[in-house]
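Using UniProt numbering, read the sequence shown as starting at 1 and increasing by one per residue.
C-beta atoms are modelled at their ideal positions from N, C-alpha and C, and glycine is treated no differently.
Below: one structure, written as structure tokens.
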Amino acid sequence: MNKGRTLRVGDCVGLIAPASPVEGNRVEKAICEVEAMGLRVKVGPSSYRSFGGYLSDTPENRACELEAMFSDPEVRAIWCLRGGYGTPQLLDLLDYSTIAENPKLFIGYSDITALHTAFMQEACIATLHGPMAAVEPVNGFDPLSKEYLERIFFCAEPLGEIVNPPGIAARCLVPGTASGTIVGGNLSLICTTLGTAYELDTTDKILFLEDIDEEPYQVDRMLTQLALAGKFSDASAIILGSWEACATKEGKESFTVEEVFERIIVPFQKPTLANMQIGHDPTNLPLPLGVRGTVISHEGILCVEESLTIE
């Protein structure tokens, strides 16, 4: 797997908006937060644009900007400002050989999942599922998330065990121990790539899933789709992150999302760890993708055993 280099104080980070537009003065606030970490900033043009209301720019412009950030020798990492909608539009427009030849630390989550998957499978690049520059740092960075993020940015050692904040326990749904490359991200985006050239391969891998603002019946439908596509049977283990605002609407009879997990995921009897504070959650712990990890679900352990970066 190709890996970006560990950051040093004074390095340049590229900020981009490859999905939806960034609102208000969040770009300026993000710049301040990144600079406070001792890093310099180069901002992509899409960060200040809006196209059609829900996109930051045309697919062609966003793809060109992303490639330019990978090609730019001054830029040592690429940090997405936000998610939203639109990254799958870029997948057929990118030159993955250029990206593979210039591996860099790439950070984002939610809609950015489509890029994580494509970069891993088409360019063999390990990436970081983690806070977005104009979201968590601007809203008030959770101290634990920031600590993990800075360790990943500035240290080439494996992250080790990812531990929830005090008082929030991970939950074992299926006991067991399994290892493999960590893959996955947002459930909706993983389903979007099914049947395409960018469909996520979960064979012998630890599959991570999270989502936001999906009612239990919608989560049920998407998990069923993954089950029918063999994604759970192929995986070595399953991690379930944050499911923010995934309750049913008031007054409607419905399974909870936890009951949906019991009905659809548990029968595969893969070591399964739930309630990890990763994803659309105030904590949003960073999770390296494309590197080796181990799940010991009955002990509530998720351990990242391979470094995301190189010196």
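Judging by CA-CA distance, which residue of the options is the nearest neighbour of residue i?
| i | options | result |
| --- | --- | --- |
| residue 126 | 258, 301, 194, 106 | 106 |
| residue 63 | 243, 19, 177 | 19 |
| residue 15 | 227, 35, 203, 8 | 35 |
| residue 175 | 243, 24, 1, 266 | 266 |
| residue 169 | 115, 193, 240, 196 | 240 |
| residue 130 | 25, 311, 284 | 284 |
| residue 190 | 90, 225, 276, 164 | 225 |
| residue 279 | 252, 210, 260, 28 | 210 |
| residue 207 | 56, 53, 272 | 272 |
| residue 291 | 227, 156, 229 | 156 |
| residue 302 | 310, 250, 179 | 179 |
| residue 219 | 244, 144, 204 | 244 |
| residue 123 | 109, 135, 139, 96 | 96 |
| residue 68 | 9, 158, 104 | 104 |
| residue 205 | 251, 120, 101, 102 | 120 |
| residue 231 | 260, 270, 254, 242 | 270 |
| residue 90 | 61, 74, 71, 102 | 61 |
| residue 70 | 101, 49, 135 | 101 |
| residue 42 | 52, 30, 50 | 30 |
| residue 154 | 138, 39, 282 | 39 |
| residue 217 | 228, 255, 196, 250 | 255 |
Check residue i in the structure and name its three-state DSSP category.
| i | result |
| --- | --- |
| residue 71 | helix |
| residue 8 | coil |
| residue 62 | helix |
| residue 285 | coil |
| residue 264 | helix |
| residue 275 | coil |
| residue 241 | strand |
| residue 308 | coil |
| residue 293 | strand |
Would you say residue i and residue j are within 9 angstroms of each other, going by their C-beta atoms?
| i | j | result |
| --- | --- | --- |
| residue 186 | residue 111 | yes |
| residue 141 | residue 306 | no |
| residue 289 | residue 149 | no |
| residue 268 | residue 238 | yes |
| residue 99 | residue 13 | no |
| residue 3 | residue 200 | no |
| residue 26 | residue 76 | no |
| residue 114 | residue 198 | yes |
Taking 8 angstroms as the cut-off, does the CB of residue i come closer than this to any heavy atom belonging to the ligand MG?
| i | result |
| --- | --- |
| residue 157 | Within the structure as shown, the ligand MG is missing, as the structure has no ligands at all. |
By Cβ distance, which residues of its chain are closer than 6 angstroms to residue i, with the 5 residues on each side in sequence left out?
| i | result |
| --- | --- |
| residue 321 | Residue 321 cannot be examined here, being either before or after the span of the chain that is shown, 1 to 311. |
| residue 44 | 16, 65 |
| residue 222 | 187, 191 |
| residue 162 | 285, 302 |
| residue 1 | 124, 126, 290 |
| residue 94 | 63 |
| residue 50 | 21 |
What residues in its chain sit with their C-beta under 8 angstroms from that of residue i, if we drop five residues either side in the sequence?
| i | result |
| --- | --- |
| residue 311 | 5, 6, 156 |
| residue 132 | 79, 80, 81, 82, 83, 107, 108, 109, 110, 112 |
Beta-carbon within less than 7 angstroms of residue i's beta-carbon, same chain only, minus the 5 sequence neighbours each way: which residues are those?
| i | result |
| --- | --- |
| residue 202 | 183, 231, 234, 235 |
Whole beta strand (DSSP E) runs in the segment 152-231 with 3 or more residues, listed along the chain?
Listed in chain order, the beta strand (DSSP E) runs fully inside the segment 152-231 are 171-174, 177-186, 206-212, counting runs of at least 3 residues.
For a minimum of 4 consecutive residues, which ranges assigned as the alpha helix (DSSP H) are wholly contained in the UniProt domain "LD-carboxypeptidase N-terminal" (13-130)?
Annotation note: the UniProt domain "LD-carboxypeptidase N-terminal" (13-130) contains the following uninterrupted alpha helix (DSSP H) runs of length 4 or greater, listed N- to C-terminal: 26-36, 59-71, 96-101, 113-123.
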